[in-house]
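Report on one structure; see the data block that follows.
Set out below in structure tokens:
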């Protein structure tokens with residue numbers, strides 16, 4: 008429906024996404040959420056004067072989304088129709104270019120003995136070690152049966168393998184027992200079409216294990232999330248907006264690339280992100296700014312840290328709103344409650360700052376969002392409101 | 008699902024629809040909506056004593072519906088499955104009877120020179136001029152290749168052409184550049200089946216342009232929204248209720264006819280509408296009363312006028328409820344916020360007065376509706392609640 012009513016104009020929409028923003032009241036902290044506890048005068052003033060608030064269900068009620076579905080929903084896609092596999096996500100996160108037909112897989116260095124995986128993360132191997140060992144493997148294994156093997160180290164024990172060649176499939180089971188102390192397993196084909204790829208993957212593992220057999224820090228490789236680049240209708244065409252993504256973490260730059268957004272810069276601080284936003288403000292109509300640290304704090308169960316990230320972001324908000332966007336959405340891609348130390352299914356608070364004069368006159372937090380005028384909506388519908396509030400949607404039907 | 012659980016009984020449901028009722032807080036009026044500002048003691052008393060309240064999304068979050076989709080939803084139809092085209096809607100708005108197979112199209116008088124459309128509305132031609140020129144054309148062009156040409160003038164520069172004959176199609180592009188200063192275009196067939204209709208439409212335009220060639224106020228005709236009466240499952244069969252529509256504006260009588268409701272009378276005042284309701288109260292189970300003026304006030308950005316319409320309607324409510332319906336729904340087909348001077352995507356406040364003893368004990372306005380027990384629902388589901396509250400729905404499943 009949305010595609011049939013898109014109007015193009017120069018109005019600007021900014022999505023300021025605090026990863027894992029949503030939380031639940033925490034008894035250890037007088038029953039508040041980090042968003043309630045944070046001193047965020049700028050966000051609250053904007054919310055009171057120009058904000059409407061509410062909540063969104065990222066994917067489905069009770070369902071905890073990964074980063075892929077979380078962001079797909081945020082950008083208006085039905086997350087159940089498009090899957091971004093883990094391998095692809097990680098590859099893009101390492102700035103690897105994926106071609107159509109490539110199969111990407113997330114890899115861990117591990118330690119194993121007598122066929123049992125001892126430590127799936129090889130003691131969270133130092134990144135330098137991972138780089139060194141990856142270089143060794145790359146050097147020795149460049150191709151198997153006409154399939155190119157492309158390896159790139161990530162942080163700590165993580166790396167990515169991309170298989171590039173004809174006739175590959177991603178229908179493979181994980182080569183990973185998913186728990187320490189269990190037998191090592193090889194990836195297996197899920198269907199006939201994946202027999203060749205399974206053979207290549209196993210041969211890669213045999214050879215790579217050979218290469219690292221004398222290493223002391225890590226002597227095994229786990230592979231999970233075999234996947235190919237999904238075919239997703241490009242964001243810029245779908246909504247008739249030039250879209251600019253700004254993120255410190257590679258994975259979110261990767262997701263943006265899959266959606267066909269332009270990823271600008273390689274910022275390391277929030278200040279650099281705002282700088283990039285300013286530099287590109289006239290060139291695009293849509294901006295995605297991704298802040299990772301709220302999610303990290305949530306995963307660490309660190310209430311104070313999550314609160315402080317929100318406070319740091321609050322200081323940037325006047326400059327962002329000051330650029331003059333028509334719509335500024337502040338939300339998360341999912342909730343990561345400190346008490347749960349992980350992603351959760353909880354609705355995510357949403358603030359839409361707009362220039363229509365419409366406001367709920369309330370500060371922005373989980374509790375107020377329950378009674379906000381946006382109501383509780385599905386994540387995939389959020390962008391409709393941003394588009395409507397920036398006059399980018401025509402009337403539907405006569 | 009609904010069709011499978013319909014129970015017939017004599018209980019009465021009234022839908023009192025205030026077109027464009029929903030609004031947003033308006034800063035010029037101490038941050039209230041017209042519904043909040045209006046003195047409506049009768050509605051509020053009913054709401055407090057017998058009312059449950061909530062909000063409905065007419066078609067989809069962020070989507071601004073036209074009158075067609077707005078009313079389809081209100082009557083429980085999925086607006087994305089049935090389209091009432093512009094030509095049909097305008098024809099109905101002028102009280103033209105449409106037969107199966109007719110193709111209706113909205114027409115504008117315009118000015119053009121050397122093949123360029125100068126003014127798509129011919130300076131918003133006076134209605135008298137449009138009537139005069141339409142009469143001339145009707146007089147001279149009655150039929151083309153066995154297809155009857157029926158012309159009816161509307162307001163200002165607007166009129167409607169209905170093509171009546173065998174083998175017609177509505178799969179034609181608009182004969183309208185949609186912007187001043189662009190070349191005049193003729194309607195073209197979208198597929199093979201529309202070749203004949205396109206030939207007729209073009210010939211009509213050639214001849215009509217000939218007829219008006221010496222006119223100074225308008226010398227061209229634009230056609231858009233070729234459409235045929237859609238095939239929609241009749242309301243009375245679908246819900247097992249005799250349905251009676253009462254409306255002052257032709258377009259809404261027209262939509263009711265398309266849904267197979269009985270349209271009674273030709274009322275000009277609210278009092279006449281109530282009179283018709285009384286007269287027909289024993290003959291039907293469902294009543295649709297349409298009040299247009301809230302929408303007009305919204306489109307005019309006239310807060311005071313919108314408030315006053317609500318106050319006038321409030322005075323009628325005791326008499327309507329006094330007739331003894333089991334369910335009285337007061338709502339709109341969409342929002343028309345004064346601040347936006349047009350239809351919008353905003354949720355529409357809903358009040359369901361019922362005799363079940365269920366009440367939210369709250370006055371009826373946009374803000375209370377956010378926290379009402381109905382919640383925020385899709386428009387197409389509203390009728391389910393009215394049916395349920397009048398014992399017209401059986402248990403679903405064993």
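Residue numbers (this note's numbering), protein chains in the order written: chain S, 8 to 405; chain U, 8 to 405.
Where a beta carbon is used, it is the ideal one built from N, C-alpha and C, also for glycine.
Enclosing alpha helix (DSSP H) for residue i [first to last residue]
i: residue 41 of chain U; result: 41-44
i: residue 141 of chain S; result: 134-147
i: residue 285 of chain U; result: 277-287
i: residue 81 of chain U; result: 74-81
i: residue 206 of chain S; result: 202-218
i: residue 246 of chain U; result: 242-246
i: residue 98 of chain U; result: 93-100
i: residue 373 of chain S; result: 373-377
Buried or exposed (CB count within 10 angstroms, at least 16 for buried), residue i
i: residue 263 of chain S; result: buried
i: residue 165 of chain U; result: buried
i: residue 135 of chain S; result: exposed
i: residue 321 of chain S; result: buried
i: residue 342 of chain U; result: buried
i: residue 245 of chain S; result: buried
i: residue 185 of chain S; result: exposed
i: residue 290 of chain S; result: exposed
Whole-angstrom distance between residue j and residue i, CA atom to CA atom
i: residue 104 of chain U; j: residue 98 of chain U; result: 8 angstroms
i: residue 283 of chain S; j: residue 221 of chain S; result: 46 angstroms
i: residue 326 of chain U; j: residue 280 of chain U; result: 12 angstroms
i: residue 14 of chain S; j: residue 196 of chain U; result: 25 angstroms
i: residue 239 of chain U; j: residue 202 of chain S; result: 51 angstroms
i: residue 137 of chain S; j: residue 160 of chain S; result: 6 angstroms
i: residue 118 of chain U; j: residue 213 of chain U; result: 15 angstroms
i: residue 130 of chain U; j: residue 225 of chain U; result: 9 angstroms
i: residue 402 of chain U; j: residue 16 of chain U; result: 15 angstroms
i: residue 386 of chain S; j: residue 351 of chain S; result: 14 angstroms
i: residue 140 of chain S; j: residue 382 of chain U; result: 57 angstroms
i: residue 55 of chain U; j: residue 41 of chain U; result: 19 angstroms
i: residue 194 of chain S; j: residue 26 of chain S; result: 32 angstroms
i: residue 277 of chain U; j: residue 50 of chain U; result: 16 angstroms
i: residue 329 of chain U; j: residue 288 of chain U; result: 12 angstroms
i: residue 38 of chain U; j: residue 58 of chain S; result: 14 angstroms
Opening and closing residue of the beta strand (DSSP E) in which residue i lies
i: residue 63 of chain U; result: 58-64
i: residue 227 of chain S; result: 227-234
i: residue 125 of chain S; result: 123-126
i: residue 382 of chain U; result: 382-385
i: residue 160 of chain U; result: 154-160
i: residue 338 of chain S; result: 334-338
i: residue 256 of chain S; result: Here residue 256 of chain S belongs to no beta strand (DSSP E), and DSSP marks it neither H nor E.
i: residue 361 of chain S; result: 355-361
i: residue 167 of chain S; result: 165-171
For residue i, the three-state DSSP class (helix, strand or coil)
i: residue 299 of chain U; result: coil
i: residue 115 of chain U; result: strand
i: residue 28 of chain U; result: strand
i: residue 396 of chain S; result: helix
i: residue 84 of chain S; result: coil
i: residue 321 of chain S; result: helix
i: residue 345 of chain U; result: coil
i: residue 273 of chain S; result: coil
i: residue 150 of chain U; result: strand
i: residue 368 of chain S; result: coil
i: residue 224 of chain S; result: coil
For residue i, the nearest candidate out of the options (CA to CA)
i: residue 163 of chain U; options: U:189, U:144, U:127; result: U:127
i: residue 398 of chain S; options: U:251, U:113, U:305, U:71; result: U:71
i: residue 60 of chain S; options: S:145, S:404, S:393; result: S:393
i: residue 107 of chain U; options: U:345, U:234, U:35, U:333; result: U:234
i: residue 237 of chain S; options: S:93, S:346, S:404; result: S:93
i: residue 219 of chain S; options: S:111, S:147, S:44; result: S:147
i: residue 355 of chain U; options: U:369, U:323, U:389; result: U:389
i: residue 309 of chain U; options: U:339, U:349, U:298; result: U:349
i: residue 154 of chain U; options: U:208, U:266, U:334, U:301; result: U:208
i: residue 297 of chain U; options: U:230, U:255, U:318, U:275; result: U:255
i: residue 295 of chain U; options: U:259, U:306, U:333; result: U:259
i: residue 358 of chain U; options: U:101, U:228, U:378; result: U:378
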